[in-house]
Structures are given as C-alpha cells and as structure tokens.
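*Asks:*
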Ligand SMILES: Cc1ncc(C[n+]2csc(CCOP(=O)(O)OP(=O)(O)O)c2C)c(N)n1
Ligand SMILES: Cc1ncc(C[n+]2csc(CCOP(=O)(O)OP(=O)(O)O)c2C)c(N)n1
Ligand SMILES: [Mg+2]
Ligand SMILES: [Mg+2]
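Protein chains in written order, with my numbering: chain S, 1 to 328; chain U, 1 to 328; chain R, 1 to 364; chain D, 1 to 364.
(1) List the endpoints of the continuous beta strand (DSSP E) containing residue 165 of chain D.
(2) Along chain D, which residues have their Cβ under 9 Å away from the Cβ of residue 94 of chain U?
(3) Looking at residue 192 of chain D and ligand 4, is the gap between the Cβ and the nearest heavy atom below 8 Å?
(4) Looking at the strands, I want to know which residues DSSP matches up with residue 296 of chain U.
(5) Consider the C-beta atom of residue 132 of chain D and the heavy atoms of ligand 2; say whether any pair is separated by less than 8 Å.
(6) Assign residue 117 of chain S to one of three DSSP states: helix, strand, or coil.
(7) Can you list the residues of chain D that residue 63 of chain S reaches, using a CB-CB cut of under 7 Å?
(8) So, at 7 Å on beta carbons, what are the nonlocal neighbours of residue 332 of chain S in its own chain, with the 5 sequence-adjacent residues on each side left out?
(9) Which class does residue 224 of chain R belong to by DSSP, given the choice of helix, strand or coil?
(10) Could you check if residue 65 of chain R is buried or exposed, using at least 16 other CB atoms within 10 Å of its CB as the buried criterion?
(11) For residue 209 of chain S, which option in S:252, S:182, S:184, S:245 has the closest C-alpha, if you only look at C-alpha atoms?
(12) Tell me which residues share the same chain as residue 434 of chain R and place their Cβ nearer than 7 Å to its Cβ, disregarding the 5 neighbours each side in the sequence.
(13) Could you tell me if residue 86 of chain S is buried or exposed, where buried requires 16 or more neighbouring beta carbons within 10 angstroms of its beta carbon?
(14) Should residue 353 of chain D be labelled buried (16 or more other beta-carbon atoms within 10 Å of its own) or exposed?
(15) Go ahead and pull the three-state DSSP assignment for residue 242 of chain U.
(16) Say whether chain R places a C-beta atom closer than 9 Å to the C-beta of residue 1 of chain S.
(17) Just the Cα atoms here: how many angstroms apart are residue 99 of chain S and residue 70 of chain S?
(18) Spatial neighbours of residue 308 of chain S within its chain, please: CB distance less than 7 Å, with the 5 preceding and 5 following residues excluded, ordered by chain position.
(19) Would you call the segment 192 to 207 of chain U and the segment 116 to 124 of chain U in contact, with 3 or more CB pairs under 8 Å?
(20) Is there contact between the segment 242 to 252 of chain D and the segment 215 to 225 of chain D, where contact requires at least three CB pairs shorter than 8 Å?
(21) Residue 329 of chain S versus chain U: which residues are under 7 Å apart at the beta carbon?
(22) Which value, in whole angstroms, describes the spacing of the CA atoms of residue 193 of chain U and residue 193 of chain S?
(23) Can you pull the chain R residues whose beta carbon is under 7 Å from the beta carbon of residue 19 of chain S, in chain order?
(24) Going by the beta-carbon positions, is the gap between residue 67 of chain D and residue 195 of chain D smaller than 9 Å?
(25) For the beta strand (DSSP E) containing residue 188 of chain D, name the first residue and the last one.
(26) Taking the straight line between their C-alpha atoms, what separation do you get for residue 61 of chain R and residue 320 of chain R?
(27) Cβ of residue 161 of chain D within 8 Å of any heavy atom in ligand 4?
(28) Should residue 264 of chain U be flagged as near chain R, meaning a C-beta pair shorter than 9 Å?
(29) What I want to know is whether the C-beta of residue 255 of chain R ends up closer than 8 Å to one or more non-hydrogen atoms of ligand 3.
(30) Between which two residues does the beta strand (DSSP E) containing residue 87 of chain R stretch?
(31) Starting from residue 57 of chain U, trace the alpha helix (DSSP H) both ways and give me its first and last residue.
(32) Please name the residue, chosen from R:330, R:335, R:315, that lies closest to residue 44 of chain R on a Cα-to-Cα basis.
(33) Entirely within the segment 125 to 168 of chain D and at least 4 residues each: give me those alpha helix (DSSP H) ranges in chain order.
(34) If you reduce the DSSP assignment to three classes, tell me which class residue 30 of chain S lands in.
(35) Which residues in chain S have a C-beta closer than 7 Å to the C-beta of residue 144 of chain U? List them in chain order.
(36) For chain S, is any of its Cβ atoms less than 9 Å away from the one on residue 70 of chain U?
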C-alpha cells in the first residue's frame, strides 16, 4: 500500500491499476491508451501489466468507442473508455444519450451499462483549439447518466474507483489544468469515495463558494485571501454534477445566506444555472443577496494566446465574494 | 398573397416556399425531404417546384447532413437541413458544436455559417422511442448557435424566414405536438419576426408564466382558467432560447413579483434553470415568491403508453400558478 | 481513373418460382429445417398482419412491417446458438420470436410499453434499436467481450440498406476487420429507406462491398431464398465462432409494406415495382418448393394457418390484458439505486397521477 | 468465406534513390514544375523546423510537424486552381503556403491566434480542422455547392490514415459516390496516428480501397514521389472538374517527426523503422533526380536555403511583432451582430482585463 505523494493524473492511473487488478471485468480502451499510456499518461503501464486484450488501442473513432463500450458493458464487462480530450466527446453523444443512459430503463434492468467514460476537460494549458472544452452541462441534463468531476488526487482516486464499480454509466471528467498541480499522499487501499455527494473543503459562516474541477484551485486561493481579510467562506467542491447533492449546498447557504457559484464553462445554460435556480428557490427566505454566478463568458474558449482573459483568477473570486457580501 | 388559415407545419412549408422563391441560395436537404415531402410534410412540393439540385434527399447520415450544410454555407448558400426527429440530432452535435458554431469566430469572419437546422421536437404524439425528445438546453449552451422554437403558425412563418436570412447558424425546433393543433391566417408576405425576442401573448399583473414550444398551448389554457378565477397572468412565449431576451421576462416579473417557468424537457440543467437563475438574481428585490419550475421529470420520456404521466396539463399549470400566488 | 475491379459473389439456389437453379446443399435432403423455416415465416407474417390490424384499430402504435423480408431473420434466428448474441433491427420479428421474445412482447414494445424488451428469456440479445445503425457499435462491443473472454460465440448484427450510410455502421465494420471480431453483419437491403431508394443511398453496385473497405469477406445473397441465406449465414457464423473474423452479407429483399403504419408508400414508390416484388417474396417461393417436393399439402397449410392464428390471438389477448405499468416504474430503472432528487420527483408524480391524454397519432 | 479479389493500383516513378523505375510522363521533360516542387518542399521544411524551434523556445504552442510528408501537399497545392477549394488537414503547410496562407499565418495559428486563419487571400479554403475527419463533411458540402451552381471546380480534402476510421470520412466518401461530387480525397498515410500504427487502424491491405465501399475509383501512390503524386492528383482533379466524380488517393508517406511537439515517439516507435523511413523521404529523392539530370547544383541549393531562411526569418519577426488581439475581438465574431447579453459580458471582460496566466504546456 503505497503512500507516496502523487498527482491527480497519477491517482487516476493508480485507480485504474487497482481496479484492473481486483476485477477481471474491468477493461480499458481508447486512442493511444496502450503502448503510449495515454497522451496524458493516465493509462501508463496498464498494457504491460494486463495485456492487449484488456487494454485496447482503438481505431480513431469516438462514436465507436462509446458504442463498443455499451456493447461490452451489456455483457457484464466494466469498460473504462478514454476520450482523449473533452472537445472530441461530441461524436459519442448519440451513443451516450440514446443508449448508455437508457439501456437499463429500456429493458427494465435486463441489460445494463456499467461503463465509465473518462475525458480531460478545461482550458489553461496553452493547447490548440478544441483542447479546452468544459461542456459538463450537456451531459448533466441527460437522465440516466452520472457526471463526476474530481478536483484533487485523493478524490480522483476514490471517485474513479466508485465510478468503475457503479452499476450505471458514469462520465468522469478530469480537470487537466490541475493534473499535475498538487501532490497528495493517496493510499492505494481501494477505498471508494461516494458519488452524488458534495465535499465541503472549508467551513465558514460568511458566504458559500460553490465550485468544481480546476476552479477549486483558485477558489481555495480566494478562500485564503478572504480569510486574511477576516472573511470566513465555506468552500464546496460539488464533485458530482449529476446527481446533484443539493442538500449540502442548501444547508450551507441557509447558514451563510450568500452564495457565489464559480465555474469555467460558459455561463448561459451552464451547471451554475441549475444550482443558482435551486438555491434561489429553496433557500428563498434565507438568501440575503442574489446568488452570483462567476463563470466563463458565453464565447468559445479563445485560442491560447488570449485564453487567460477567459479564465477566472482568485482575484475575480475574491471580488465577487466581496460584492455579494456587500449586497444590502 | 394567400390569407387562408394554415397550421404550424404548413406555415413552415410556406416559409420554405417563400425563401426558395426569393433567394436562389436557399437549398433544402435531409432524409425524405424530396419526393416524400418530409415525414411531417414540411417540405412538400419543394422538389417539384425547385428541382433536385436545390431539394436534396441525403443518404441516412445526420453527421453528414450537418457537415455538408456547413460546407455549403461556407460558400454562400443558405442550407436548411431537416433532422427527421430531434432524437436523431445527436450525431450532428460534433459538427454543430465544433464547426457551425465556430466557423465565423475561428476565421474572424472570413468564413461564415448561415445555415438552419430544423427538427421537430417534443412528445405527446404516441410515437415510438426516440421520437419525443426535448433537448433544447444542450444546444442553447453553445456559444455561436441560435435556438428558436416557434409555437404558432404565424411565429413559425416569420421566425423561419428570419432564421434562413440570419447570417449565423440557427437551430429551429418545431413543436410537433401542435404541428396541426391550430390554424391561423398567415399572410405569405415574407415578413420576418425578430429572433432574440420574447413574445408576450397575454398581459397580466398577477403572475408571469414563461414558456415555449408546445407547452404554450396548455399555458394559454391555464391562463383562461386562471382568468375565470379572477387571476390575471402574463404569458410569455420565449420563442428564442438563445440568445435569450431576459429584458422582457424581467420587466414582467418586476411587475408581477411571481414567476412560473413551464417546459417539457427534463428539469435539471434545462432551459428553465437559466431563466430561473437570472430572474432570481436580477429581480431579487421584486420577487414575492420563489421562481417555480414546472417541467418534465428527470427521466427518459416514457414509451407512449405512459407518456401522459410525463406531460404537463393546464391543470398542473393552474395549480403551480396558484401555489406561487399563495406563497407568503 | 482506374477503378479497381471487384467481384462480389451472389448466392441463390431457388429461383422466383421455387425451382432450383443450382444443386441444393446436402442438408436440404431432410426437409425438417426448411419446414421449420416455412412455419416460422408463416407465423411471423400472421404476427405482422395482426400488428398492423391492431395499429389500424387504435390498439397499438406506429409499427414497421417486415412483410416480404421474413426469410432473412427467420434463417438467422434459427442458426444462432444459445450463447450467440443477436443485435437486431426493427424488422427482425421472425428472428426475435425464435430468440426468446414472445409474440406479446412484440405487441407490448410497439404498443409503447418498455416491458416488451424486458423478458429474461431474451437473455443478452439487444432490444430494437431505433436510432439507425447505432446498434452496429453495440454488436462490435459484444463481440469484443467474447474475444476478451475467449468465448467461441458469434454476434449477429442486422440492419437495413439505409443504415449502411451511417458512420456507426462503417466504423463497426472497420473494427471488426482490424480486431478480427466474431461477427456477422447482415444488411437487409429492402431497396428503400422510407422514401429514399437504394440507388440514392450509395453509388457502389453492391452494399456488400462495404466490407472490402474493412478487409472483410463479403457476399450478396438472394434474401428471399432461405437456402441461400442458410448457406451464407451458417458459414459466416461458423467462421466467426472459430476465430476467423467477421463477414458482411447483403441480403436482397423488398419491403412489401409501407415504411411504417404512419407512412404511405404510394406517394413515392412506383406501383409496378411493388407488383414485381410480390412475385419474388420468400414464403410463396419456399411453399412452392415444399409442395413440389411433397413436403407440404393443403391440409398441412390449413392446420399451420389455424395454429398460427390461435397463437397470435392468445398473444393479442395477453397484450391487451396487460395492465399498465405502475407510475413508479417510470422512475425506478434509470439507475440501480434511485438518487434522492429523483425520488422526490417520483413522489411528485405519484401525487399528480393525472395528466393529459395525448391525441395525435405519430407521423412515422 | 469467399473474399472478393481487389486490386488497387500502385503508382510510382522514382525509386528511393531518385532513379526512374518507369518511363517518366512527358511534362517532366521541362523541369520547371519539378523545380517548383523542390523549392516548395525545401521552404516548407524550413518553415516547419522553425516552428519546432519556436515551440521549443516557448515562443509558439504545440505544433504538428509535416517533416517527411511534404510532397503530397506540395503537389496538390500547385495543382489546385484559383476557384478550387482546399480542405486541408493540419500537416498541409506546403499546400497552405501555395494557397494564400502566409508563413506568419502558420505561426500565428499555432501560436494561439485566430487571425492565422483570417487573411482574405485564403479565400474560401478551409482552415485547419482539429477534430479529426470532420472536415470531410465540409468538403463534400463545398462540392455540393459547386454542383448546385454548375461550377466546374473541384474540392480537395486531405486527411491522415487515422482519419479514415472515423464515420465522418466514410459518410463523406459515400456521398461523393452517390452524388458524383467533384472531389479528390487524399489520405496522407504516414503510418501512425499518434501512437497507433497503421495496422491497428484498419484490417484492409490498403486504405485506398475504402473508396470501393462508395463506388469510387481509388489508387495508392508513393507519397514521397512528386511525379507519381502529380500524375494521380492531376488526373483526379481533372476528372472531378469535368463532372466525372470523386477519387480516393492513398499516399504512402512516413511521419519522420514526433506526432507533435508535445509527443515523444520513442515511447512507441521502433527506431529502426524511423531509420528506414529516412531513406525514402521526398526532398532528398527529388534533389538526387534533379542533380542527376543537371537541373540542380550546389550553388542553387545554397541560394535556395538562404532565400528560404531569410523569408522565414522575416515571417518570424512579423509573427513575434504581431500585437495581441484587443479583448473585444474575443466577443465580436460569434455572431454577425453581438446580442445584448453578450455585449454586457464583453463590457465585463473589458473592465476585468486581468486574469491568470496559465503555465502548463499542452500534452498534445
Ligand atoms: C439516426 C436515425 N435517423 C433517422 C431515423 C428515421 N428513420 C427511421 S427508419 C428510417 C429508414 C431506415 O432505412 P433502412 O435502414 O433501409 O431500413 P428499413 O426501414 O428500410 O428496413 C429512417 C430514416 C432514425 N430512426 N434514426
Ligand atoms: C475526433 C478527434 N479525436 C482525437 C483527436 C486527437 N488526435 C489528434 S491527431 C490524432 C491522430 C491523427 O492521426 P492521422 O489521421 O493518421 O493523422 P496524422 O496526425 O498521423 O498526420 C489524434 C487521435 C482529434 N484531434 N480529433
Ligand atoms: Mg431499407
Ligand atoms: Mg497518420
């Protein structure tokens, strides 16, 4: 049981090794996941350890990757498919929406779809066009899917194990901007973390900051800055976008009365809208200020030379928090 | 200039005839749009009148339909592509999201994408699986697209003309449950209606009912019932989901202080979330009750024998309105 | 430009009148299999005609008839083994009936009830797939599972001519070729995809040759000739089961019906073409052969028809007497365990319990 | 199972050492075109190597080198006419440079600036397409537009070997076949799709034969032999322009570089294979032939290298001196007219004006 400090992407790799070791039904597939170990190294050494039959380099076809995962899952395997970048996931939508999400319901449980689709998401790594997408909202809207987005090595490990063991299809989105941002000791003990539960990272009574993915980093930085000014923010990492754990968020906002939602994706019709709508209606009487959404603009992520103008900084978060606190 | 009373789907057909007559660049394509005139008859007589070159039966491939529309549009044509049912639009997502929505921005205006993608949407016609989808939220989230959903013959005619003449890609979703529900006189005068503007169908000061698509029908019925009980509801047909005209909605809610949003799509991460979030935050001080979302459940549309349990009735709307009015 | 020469073989044993045009394979000496095929096709047609009647009388939803193309699915339904997996398309009623679907399941499914795809006897076979060609990916995935588990079974994936234009189908063929998957692809080329004729789907002379793009063996067969079908499918299945990879079979048939009960084919289809097609249909052809070889007579025919009608009548009753699902079922199968938010929606639905009855009939 | 026999022709004129293995076509008697090809390839390689240097020194983003496969795009860049349309892929620098992209546009694009695809001289050609194979649909659409307008031009669509596995590519081939579109599909088969070797992409012996599925003529050419490429592409373009439909050309090349600057091919690629491939590369081959036929000498070579370096140096300066875009540009090109909600976001952005500088380099 290793306790060395590892990065988020290494934690993904560790969880894959653990699952494949302990469950013969787990298989990994995708573009470049074999000999190359994945373009981000998330699948490194799997082929060497588990062989070509369980670690499959597919032809270049995302529709197919989704389709065969569904087929394999229906026969009791647990495929973990990698989509190289979230920007290339769209070709898999028909399969995920029309089949993965529906197989259990359509057959009243006769066939099921215990698959995981992993994809790195988000901007900020100076990548070419289509390598910086954050379209989690599009998947969260679909009944039958689960959408999970870890933001630390430990949560990546525990949630990925849970996703693989989940009897239903899970979209597992990995914030690639923080793939290697921090290291944590992550015991390789096979312990799952619960899907469908927010993680409260910091407790505080003044304001609730709700976020997920790579933005957790800047939000924690903002928390620190606010703290220095005597403001105690509660920081919630939503972690599972669908099904959404509104209880944790509502409990917090009913205490703080103020809420800022922070996400990288475009604002309109984003995940923040759902949370803001629910908080606004269910915490109607406890809210002391409008729920604030601090998000990406409604534009395509700019090519990388200008992408920093799109991304949020801790300063932006601090300012939004303060404005929300000042609201009378 | 015909003034005979026509249905919504006939109004679509009339707009297509008008556009093709007055602009040689307009072409129509899709599955069964030619000799068959479309499975719903929306493209009837176009092939006879404008010939095979401008009215194209494509092979069965939605990805291709979107892809070639983008190619044609880049050369100055104005393709109007039909996706036979919204349930089959997902294969077109990669093209619409990664290309149609981005071509202008990517080339700084050198290439553009003046295309329309039409698709009938929604349930309630006793159709087989995958023929009852309402996934407008997935498209509305994408920067660069416009999403329009008419709810009457006149608005279908005027908005489709505007969509075809729009220099940018427009997703035009037709509520097939009310394709033939009402007839209106629709002058064939080529007059567009504005995209990006809500239509206030009924004025009232007690409560704002916000809706679109086929639900407009039940909402107007509910308005009638409420009226009989002395309640004056304002009814807003959003009509353009993206870009969203929040001004009209906010102006109304700031008067009424109460708002119910009604849509057929699944609730979570639906279009209602965006509107509720914006109303809640921007009309924070004028709201006298939480914004209520009355929507489809977060489930796959049931097969047709049970679909009426999913769909909303005017009774449900009346009840939600009353509950919102009673909120203290 | 040099167009590479391609010769796709065409397999046929019985001509349109049921007369052999080549020496028949040995197995036909014993008529049992052919009699089975005949009975299955007749039953399927009764099931099919009743479905249309149910639809016409408002007792069932939109239905896509398999009239005229029963032979294909009848033959593979028989040749598939217990642990093979069928990934059908929506005109495979004859095959589905042999694979564990009850007649009433067919009616339940097309009657808008998910339980039509739920019966455990359907094992791991896939239910009808509405988004065209998407099932090809599933089939390739099932075959991959067999390969991973060293199972010596095969997956049969069926689709229409229109489906061969869609990327899913072509991507799956490619994978079957490169991974040597244990699969049989059967294209039921019934000449039409709703109103779009075969010649507007593809510029190649055969659809079978799509296999060539993937390096797969391919063959065309007369899809109204059960003997040719049996030969091609049997060989392809054995090929697949013993690790020799996939095959593409294009079965030439004809859709004798409208596309579905919501369609009116007279709008786009020449009546003469339909008349000609009736001369080639599979049931009459096999019946003639059976008659001429003294395996069949009027008495047997009458008995078969009566049995089939009785079976179907019983199934119709079961179908019509099936109570609606409890509302909770609409919520309970989205996840193994219902999430809290959905649980509250379920309670909301149970308390609402009414709703509007929708009136219009589907247009497809 | 009967596998239909297929013979895809293979075209080659010069062997690896630049020696003719067949009588050369007449047009080679005048060396002008071949000299042009040589100069273009040399320039492209200087542009390419500089791009890598810029990336290595933190002055440009991730870049996919075209080293080793310059011949293909050099030849079609020349053969395309003014009103033909090029739908390239991201290793077509030599072609793009002949079609109206400036060298600095290449650097701007890969330097993360949308303006690299904006120059009006690029006319209606498509910009680089990142989502693999999706450009095939665009190309088919442009060809459809030409057909609708009775234009006698052609669309050339280029892609890699990996791209041929994706549905988009196959759907577009199919349409080109059935609508007889004026197109040329060129597959630049450089043997790898990142780390996935050609043999794991497709089980067929050639990728050219994907055309057979669509009823299209198809041919393989030595993609390091400009004469063979010229012959095949010229004929295919003429074919297309005069209404005879589309052609599929598979050009056999080799990716001499890593997949991109973010890749390390030593992880998956045998070094011996790379060594062998260097013996076949197109620039040296043509240079040898030109030398041996007295069309080239050391002096000309030196002059060419100097000119190329100077041009590239100038472009680098222009690139590095290009001021950043104003922030408003991030908003102004989403719609012809900016909607009110987006206008307020733009104002928000202008007032924010700061932001975090992101540090990590891309992993692709
Ligand atoms: C992806 C998709 N697009 C469109 C449809 C609508 N549709 C239903 S059947 C059909 C034609 C199918 O033709 P073919 O594959 O030849 O099968 P056939 O119905 O002729 O047996 C179409 C277009 C669909 N079901 N799925
Ligand atoms: C749809 C899609 N999936 C995945 C990727 C990531 N990716 C970029 S290049 C590449 C390999 C392309 O191989 P090939 O078509 O042979 O072209 P080459 O790079 O070898 O020239 C992949 C998988 C992508 N850009 N688009
Ligand atoms: Mg057909
Ligand atoms: Mg390649």
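Virtual Cβ for every residue (Gly too), placed ideally from N, Cα, C. Treat the numbers as computed from the prediction; the structure is a model and nothing was measured.
*Replies:* Reading it off the structure:
(1) Looking at the DSSP string, residue 165 of chain D is not in any beta strand (DSSP E), and its letter there is neither H nor E.
(2) 131, 134, 168
(3) Residue 192 of chain D Cβ: within cutoff of ligand 4.
(4) U:266
(5) yes
(6) strand
(7) 167
(8) Nothing can be reported for residue 332 of chain S, as the shown portion of chain S is limited to 1 through 328.
(9) Here DSSP, grouped into helix, strand and coil, assigns residue 224 of chain R to coil.
(10) buried
(11) Looking only at S:252, S:182, S:184, S:245, the smallest Cα-Cα distance to residue 209 of chain S is reached by S:252.
(12) Summary: the structure shown does not reach residue 434 of chain R, with chain R confined to residues 1 through 364, and so no result is reported for it.
(13) buried
(14) exposed
(15) strand
(16) Note on residue 1 of chain S: pLDDT 48, under 50, position unreliable in the model; the coordinate value appears next. Taking Cβ atoms only, chain R never reaches closer than 9 Å to residue 1 of chain S, which makes this a no.
(17) 7 Å
(18) none
(19) no
(20) yes
(21) Outside the displayed span of chain S (1 to 328) sits residue 329 of chain S, for which this structure offers no information.
(22) 52 Å
(23) What residue 19 of chain S touches in chain R: nothing, since even the nearest Cβ is about 15 Å away.
(24) In this structure, the beta-carbon distance from residue 67 of chain D to residue 195 of chain D does not fall below 9 Å.
(25) Residue 188 of chain D -> beta strand (DSSP E) spans 183 to 189.
(26) 13 Å
(27) Distances between the C-beta of residue 161 of chain D and the heavy atoms of ligand 4 include at least one below 8 Å.
(28) no
(29) yes
(30) 85 to 87
(31) Looking at the DSSP string, residue 57 of chain U is not in any alpha helix (DSSP H); the run it does join, the beta strand (DSSP E), is 55 to 57.
(32) R:315
(33) 135 to 148
(34) strand
(35) 300
(36) no
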